[in-house]
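The next block holds one structure in the form of structure tokens; read it before the comments.
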Amino acid sequence: MSSNPIPQSSGGGGGGGRGGGTSDGLFQKPRDPSMAPRHYRTPRSLPDVCPKEPTGDGRGLCDGPSVVADQHRWTVYNSKVNLPAALNDPRLAKRESDFFTKTWGLDFAETDVMPSFYLPNITREHFSSYLQETAQREKIHERCKNVCPNKDDLSVPTITNNHDKARAELEQVPKIFMKPEFVLNDPATFNAVLPWSHFSVAGGKNSRDVASSRLLQEKLSHYLDVVEVSIARQISLRSEAFFHAMSSQHELQDQMRETADAVAKLRARTAAIDRVMCRGPLRVLRDALTRNNCVKLHNKLKLMAAVHQTQPTVQLLLSTSEFVGALELIATTKEVLQQELQGIHSFRHLGSQLCEMERLIDKMMVADFSTYAQSDLNRPFEEDSQVMEKVTKQPAASGKDRLQSLVFGLLRQRKLDFLDIYSDEMIRAAKNVVRQCVVKSVSQISEIDADTVKFHEQMRLMTFHQWFDLLLDIFEHFILFLKRIKATLSVIRNVVLEVLDSSQRSRLAEVTSATNHSNEDEEESGGSALNSGEAELAYLTHEGLFISDALNEAEQRSSVTAQARAQTRAEACGSDSASATTESSSSREHNSNTTSSLPIGGAAAISEDVMPSDLELGRVANNVQELLYTASDVSHDRCVKVLMTRAKDGSLERLSSAEFVCLSQAVESFVKDTEELCGRRSMSLRGALQSQANRFVQRFHEERKTKLSLLLDNERWKQAEVPAEFQDLVDSIADGRISLPDRKHTGSEDRKPSEFLCVDGQKYAVVGTVLLLIRMFLEYCQCVNDIPSITTDILTRLTDLLKHFNSRSCQLVLGAGALQVVGLKTITTRNLALASRCLQLVVHYIPVIRAHFETRLQPKQYSVLRHFDHITKDYNDHIAEISAKLVAIMDSMFEKALSKYEVKAPMPSACLRNVCKQMAKMHEAIYELLPEEQTQMLFLRINARFNLHLKRQLARLGVINDGGPQNGLVMVDVAFYSENVQALRSLECLDLNMPEIWEQKR
């Protein structure tokens, strides 16, 4: 190895430089003659990139550079990379924040450099042995430095003088020669160094030009001598260090030469070891790899044979409609093609063919599910089974298993809209249910010609009982229809929930397995970390080739095991070419068993990556429940069509109360049955019935209001006899039964009617209209019992009826309307008392009616009960007005009679006799009609009016209580009046307060 060229100083100052250019000579250390003929290549560094571990191929063992065989061959591993250029990203906008980011990129300063795991942590203790060895030598060196000072230190003044002299000489040299940018190619620099202005422009040479050029040459030579002398001086001052470095360089070259010889010998020995000891074992390894490759090839060929039989097996499965098995076989084959047989030229079209077959299976499953839905929903209702037992295509297959297989297949293919198909078939089947029932009913009615009459007109031509029987038949068929749908949807829902549960269980198992593996890895981390560290260290030092092969062999064994499992799975789904028939039958049997056992563990057989997610499965389960709700709504909608078709001509409004109650009860029963069956409260049929009920209530109320008006207009306001049936009706109310009794009472026709109506121990004298009114509001209450949905409407109508009775009776009696309407001559006190008693009877029953309606109302509807309070107030006001009218009649009579009263004999006077006579008539008219308490209160008020008028007349006559003759005559009349009044029945104890007539105003 040659040393670097070093300039040699010219001897004797600067003359040598001018003489022959000796300044360009090179100082070289003389070579050893014996070593001169040998030539050495430039030493090459070892590869700085570690070779990869050998893989399964035999070629992989020699892919990296070999220290033995490739020591003189240049490889890509000898190439070097400019690290700053690799790390400097020119695309970044700002790269010069500091030295590090400018050189090595923006991420250099911000990235935390992890300490190397392969470099030891160097501390001072590592250098303790070296310091101990060199401590004695360092002490000797320091002592020598103190004893023998440096020669430079002895001649400091001389060196200083020489240095000043050299500096003064160097200052003579122009500064332009010292500049770093000194280049003679530059014209300005060239003109400054060689001033051509000193020479003549003419072409000839004169003595002046020669002198100038000689002077310029001498000046430049002088500058050169000054520089060379300065350089030589500097070299002489540092000659010892310079020559010491040169000798060290030669020693280093000798050591490098010896090292190169040792390395060559080592490589030769290593090559011999490689030839003797390594090639044989490597050949063994290569043969083992070749054998493994042959085994893999054989397994691949068997796998290809099994895959080759996929299409016939799939066609065989499709012929038996085993879609799940066919899909599983296609999925397994596609997985094998993508993983194990990828790139096989003969199978390049098999993937697309399998995809096409999968699409065909999708269409077949959808069509088969639609056919199943049609068959299930349209089969005769005479069958007892809720789930279809037999399938048309497969007489031996169970309908439930068939449905489960279809649902599994559709879920596996993510055909999540199959419920829409079932929904469409369900709607069509619901229409057919109504049509079949109508056709069946019309065929039994000879009066209707089904060929000439339209479908909707056929239901209108039926009588109510015929149509009602048809409606009950439709309700019954729809209940069976919903039971079948619920059973089918239950099977579908169970399949979906089973798949969802299987997915969750497998996910939980994976989490548990991962946790267990992590724990095992932590337990084995101590020993395995050490082993892996040793293997990695040996590999990095190029001594672990066989260890890496051992590790790679373990990986190969695991790979072969995985391939064997995949091959076993593929063989289970396909068949070998030598035994195609046997394998096909066994595969068909396996798939049929899988299909039959799907409810138990079929979900686990379907891989999770092809099944819908948990969210999608949950949505499908909810859609199944919503589909059941939809079935209930569809059934109700079809029944609403039947109901509205019948009600189109108003026939439902003309039903009797009993008929409408039957209709309402049938609808309510159907609604409750569907609600219990489907768990959904459908409101369409209830709404249609409510609409018809409102119309029925309107007609019901109008009929009774019109009837009440006719009764009142023909009422003569005389006391009527009470038939026994009305007394029984009142008695039933007293027992708490607010309803119409059955008309099958025995013996009620034999009993004679009574004069009074007995209610809670009291006798009520009533007119015939009030008896019918009691029956009417009981009909209203009965209607509420039968049709609870119309409670508020019935309550409003009933209050209107009671208001109408009150107002109309007031017009006829108090308003004297009966004189013109009925033709009465006058409104007597008996008429007034009878009207008051009838009103009191109605007031007695208003709280009973209110309590009855309160039990049928929701708490938020209690506000409508205030109408009864208003009606009670109106009735009491009316009763008070009648009482005031009776008092007013007697008051006018007292005023007219007592205005002619005179205090003279004979006594009692004629005026008082007439008054007592009128009082007796009044008592006779009302005594039997009103109870004793009311009679006494009424006569107390009448007596008060008598006392008032008598007091005024006595004051007018000037009679005072002075014991005189006139006072005595008046007292006789007063005693006569008191005796006559107290002689009347129930008035014996009446306090007449007669001394009041003598009280004077103060």
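To convert a position in the sequence shown, counted from 1, into my numbering, add 79. For glycine and all other residues, C-beta sits at the position ideal for the given N, C-alpha and C.
Cutoff 8 Å; reference Val575; Cβ partners in own chain excluding five residues on either side: For the purposes of this step, residue 575 is taken as the residue at position 496 of the sequence shown. Excluding sequence neighbours, Val575 sits near Val486, Leu490, Leu696, Val699, Ala700, Val703.
Rounded straight-line distance, which links the Cα of Gln328 to that of Glu337: If you number the sequence shown from 1, residue 337 lands on position 258. If you number the sequence shown from 1, residue 328 lands on position 249. Glu337 and Gln328: Cα-Cα distance of roughly 14 Å.
Spatial distance of Ser978 from Gln1032 (CA atoms): As a first step, residue 978 is located in the sequence shown; it is residue number 899 there, counting from the start. As a first step, residue 1032 is located in the sequence shown; it is residue number 953 there, counting from the start. Straight-line spacing of the CA atoms in Ser978 and Gln1032 works out to 7 Å.
Collapsed DSSP secondary structure at Leu836 in the structure displayed: Working through the sequence shown from its first residue, we reach residue 836 at position 757. Correct three-state label for Leu836: strand.
Buried/exposed call for Leu374, threshold 16 Cβ in 10 Å: Taking the sequence shown and counting its residues from 1, one reaches residue 374 at position 295. Rather than Leu, the amino acid found at residue 374 in this sequence is Val. Answer is exposed; the Cβ neighbour count stays below 16.
Reduced DSSP category for Gln841 - H, G, I as helix; E, B as strand; rest coil: Stepping through the sequence shown from its first residue, residue 841 is reached at position 762. Three-state DSSP puts Gln841 in a strand.
Range covered by the alpha helix (DSSP H) that runs through Leu918: For this step, residue 918 is matched to residue 839 along the sequence shown. Start and end: 908-933.
Nearest residue (CA-CA) to Cys757, options Lys904, Gln940, Ala508, Ile564: For this step, residue 757 is matched to residue 678 along the sequence shown. Ranking the options by Cα distance to Cys757, first place goes to Ile564.
Proximity below 9 Å, CB of Val900 to CB of Asp792: Translated into positions along the sequence shown, residue 900 becomes position 821. Translated into positions along the sequence shown, residue 792 becomes position 713. Yes, they are a contact pair.
Terminal residues of the alpha helix (DSSP H) in which Leu742 lies: Within the sequence shown, residue 742 is the residue found at index 663, counting from 1. Looking at the DSSP string, the run of the alpha helix (DSSP H) that includes Leu742 is 736-757.
Pick from Phe947, Tyr843, Gly847 that is closest to Glu1082, judged by C-alpha positions: In the structure as shown, the chain begins at 80 and stops at 1081. Residue 1082 is therefore absent and cannot be evaluated.
The segment 833-847 contacting the segment 901-918, beta-carbon criterion three pairs below 8 Å: Touching, yes.
Sub-9 Å separation of Ile968 and Thr1014 beta-carbons: Looking up residue 968 in the sequence shown gives position 889. Looking up residue 1014 in the sequence shown gives position 935. Contact annotation: Ile968 and Thr1014 have beta-carbon atoms that are not nearer than 9 Å.
Val272 (DSSP reduced to helix, strand or coil): Here the question's residue 272 lines up with position 193 in the sequence shown. In this structure, Val272 counts as helix in the three-state DSSP scheme.
Residue nearest to Val386 in terms of C-alpha spacing, selected from Thr411, Ala588, Leu397, Arg362: For the purposes of this step, residue 386 is identified with residue 307 of the sequence shown, where counting begins at 1. Checking every option, the nearest Cα to that of Val386 belongs to Thr411.
Option nearest Val776 by Cα separation, candidates Leu734, Arg759, Ile812: As a first step, residue 776 must be located in the sequence shown, where it is residue number 697. Ranking Leu734, Arg759, Ile812 by Cα distance to Val776 puts Leu734 first.
Cβ neighbours of Leu495 in the same chain (closer than 6 Å, five flanking residues each side left out): Numbered from its first residue, the sequence shown carries residue 495 at position 416. Scanning its chain for C-beta atoms nearer than 6 Å, with the 5 sequence neighbours on each side dropped, one finds around Leu495 the residues Val699, in chain order.
Limits of the alpha helix (DSSP H) - the one that Gly430 falls within: Residue 430 sits at position 351 when you count from the first residue of the sequence shown. Membership of Gly430 in the alpha helix (DSSP H) is indicated by the continuous run 429-457.
From Tyr302, Met383, Phe322, residue whose alpha carbon lies closest to that of Glu419: Within the sequence shown, residue 419 is the residue found at index 340, counting from 1. Cα-wise, what sits closest to Glu419 is Met383.
Sequence-distant residues of the same chain with beta carbon closer than 7 Å to Asp103, five excluded per side: Reading the sequence shown from its first residue, position 24 is the one you call residue 103. No answer about Asp103 holds up, because its pLDDT of 39 lies below 50 and its placement is not dependable.
CA-to-CA distance, Leu903 to Gly896, given in whole angstroms: What you label residue 896 is simply residue 817 of the sequence shown in a count that begins at 1. What you label residue 903 is simply residue 824 of the sequence shown in a count that begins at 1. Near 9 Å, if we compare the C-alpha coordinates of Leu903 and Gly896.
Cβ pair count under 8 Å reaching 3, the segment 765-782 against the segment 867-880: Judged by Cβ distances under 8 Å, the segment 765-782 makes contact with the segment 867-880, as three or more pairs qualify.
Residue interval of the alpha helix (DSSP H) (run including Glu319): Here residue 319 corresponds to residue number 240 of the sequence shown, with the count starting at 1. Note, Glu319: alpha helix (DSSP H), 318-352.
Backbone secondary structure at Val393 - three-state DSSP: Here the question's residue 393 lines up with position 314 in the sequence shown. Three-state DSSP puts Val393 in a helix.
Status (buried if at least 16 other CB within 10 Å, exposed otherwise) for Gly840: For the purposes of this step, residue 840 is taken as the residue at position 761 of the sequence shown. Gly840 comes out exposed.
Which of helix, strand or coil DSSP assigns to Val570: Here residue 570 is taken as the residue at index 491 of the sequence shown, counted from 1. Three-state result, Val570: helix.
Enclosing alpha helix (DSSP H) for Ile700 [first to last residue]: To locate residue 700, count along the sequence shown from 1; it is residue 621. The amino acid occupying residue 700 in the given sequence is Ala; Ile does not appear at that position. For Ala700, the uninterrupted alpha helix (DSSP H) run begins and ends at 693-726, by DSSP.
Val252 in three-state terms, based on DSSP: Sequence index remark: in the sequence shown, residue 252 carries index 173 (1-based). Reduced to three states, the DSSP call for Val252 is coil.
Backbone secondary structure at Val863 - three-state DSSP: Within the sequence shown, numbered from 1, the residue matching residue 863 stands at position 784. In the three-state scheme derived from DSSP, where H, G and I count as helix and E and B as strand, Val863 is classed as helix.
Cβ-based burial, Ile255 [other Cβ within 10 Å; buried from 16]: Here residue 255 corresponds to residue number 176 of the sequence shown, with the count starting at 1. Around the beta carbon of Ile255, fewer than 16 other beta carbons lie within 10 angstroms, which makes this residue exposed.
Residue interval of the alpha helix (DSSP H) (run including Pro802): Looking up residue 802 in the sequence shown gives position 723. For Pro802, no alpha helix (DSSP H) run applies, since DSSP gives it neither H nor E.
Whole-number beta carbon distance between Leu482 and Tyr451, since they are thought to touch under 8 Å: Numbered from its first residue, the sequence shown carries residue 451 at position 372. Numbered from its first residue, the sequence shown carries residue 482 at position 403. Rounded to the nearest angstrom, the Cβ distance from Tyr451 to Leu482 is 6 Å, consistent with a contact under 8 Å.
Which of helix, strand or coil DSSP assigns to Ala657: The residue you call residue 657 lines up with position 578 of the sequence shown. With a pLDDT of 33 at Ala657, under the threshold of 50, the predicted position of this residue should be treated as unreliable, though the coordinate-derived value follows. Helix, per DSSP.
Test item: CB-CB of Ala745 and Phe543 under 9 Å: Working through the sequence shown from its first residue, we reach residue 745 at position 666. Working through the sequence shown from its first residue, we reach residue 543 at position 464. Contact flag unset, no.
Beta-carbon proximity list for Val305, same chain, < 7 Å, skipping 5 on both sides: The sequence position of residue 305 within the sequence shown is 226, counting from 1. Within the same chain, Val305 has close Cβ partners Glu248, Leu249, Gln251, Val252.
Distance between Gln890 and Ser818 (C-alpha atoms, nearest Å): In the sequence shown, the residue the question calls residue 818 occupies position 739. In the sequence shown, the residue the question calls residue 890 occupies position 811. Going from the Cα of Ser818 to the Cα of Gln890 covers about 31 Å.
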